[in-house]
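Visitor: What follows is a structure written as structure tokens; I'll ask about it next.
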Amino acid sequence: MFTPQEIEEKTFVKAVFGGYDMASVDEFLEPLTEDYIALYKENAVLKSKMKILVEKLEEYRTQEDSMKKALVAAQKTSDTMVAEAEKKCAQLTSQAENIVRTKIQESQQQISAEEDRIERAKQAARNFIEIIEKDVARHLDLLNNLKLMNLGPQPSASSFDFHAEPQAPKTETVEPITVQLPIGKIREAEAQQESEAEEIAHQIEQNLEKVIGPSDDGDLEKTRVAHKNDKFADLQFGKNFSPDRE
């Protein structure tokens, strides 16, 4: 493509015969050159703009590809995070359910064990009460038999000789009737039952502390002492009976 400068500097050789008029040619080329210069400049500007637009378009295309890749990567990352979160949530839920089931089973086992110990304590108390009742009934029967015992006929008033000389009264040694109470057995049974009751109460206390937390040891000890002091407080076997004397 010719430049405006080349057109402007173009010269023609004069012809001898049949050539064009140089003045007419110059007159025609002068405005044509000006128009060509304007078109050339406009074309150059348009090419420059087109180049810029092409570069921008290419940049936008590159950015679009980068954005698409970023969106795809973000979507993959999001899907991965959601999947991991759901998996972790399921694991935590399963672990929590297993822990709850284990705690419930342990609590049920402890409750069952405590119920068995309480039942054993009740049975031990019933056995002890039965032993005491049998001993008391046996001694009551013995006392009733002593009351009903025939000590011999009493002399009547007509059998006495009021005129006879008084004689020294005959002394007869009467052996005292000794009723031996099984104090040793009673104390032995009492100590055994008390030891079993304290052991069962101590085990119950330890298991309850595991389930509901520690309790007030002072109140528990007071209850034990009161129970120990009140035990058999009202049980008596005679007027002069002392629980500290066998």
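Just so we're aligned, residue 1 is where the sequence shown starts under UniProt numbering, counting upward by one.
Using N, Cα and C, we set each Cβ at its ideal position, and we do this for glycine too.
From Val-136 to Glu-114, what distance separates their C-alpha atoms?
Guide: 32 Å
Visitor: Measure the C-alpha to C-alpha separation of Leu-146 and Gln-110 and round it to an integer number of angstroms.
Guide: 54 Å
Visitor: If Tyr-40 and Thr-80 are in contact, beta carbons under 8 Å, what's the gap, nearest whole angstrom?
Guide: In fact, because the Cβ distance is near 59 Å, the residues do not count as touching under 8 Å.
Visitor: Assuming Glu-59 contacts Thr-33 under a Cβ cut-off of 8 Å, what Cβ separation, rounded to an integer in Å, is found between them?
Guide: Contact flag wrong, Cβ pair sits at about 39 Å.
Visitor: In the structure shown, what three-state DSSP assignment does Lys-10 receive?
Guide: coil
Visitor: So the alpha helix (DSSP H) Met-81 belongs to, where does it begin and stop?
Guide: 22-148
Visitor: How many Å lie between Ser-112 and Leu-148 at the Cα?
Guide: 53 Å
Visitor: Which residue wins for smallest C-alpha separation from Val-25, given the options Asp-35, Thr-11, Ala-38 and Tyr-36?
Guide: Thr-11
Visitor: Look at the alpha carbon of Glu-44 and the alpha carbon of Gln-63, and state the distance between them as a whole number of angstroms.
Guide: For clarity, residue 44 is Ala in the given sequence; the question names Glu instead. Approximately 28 Å between the Cα atoms of the pair.
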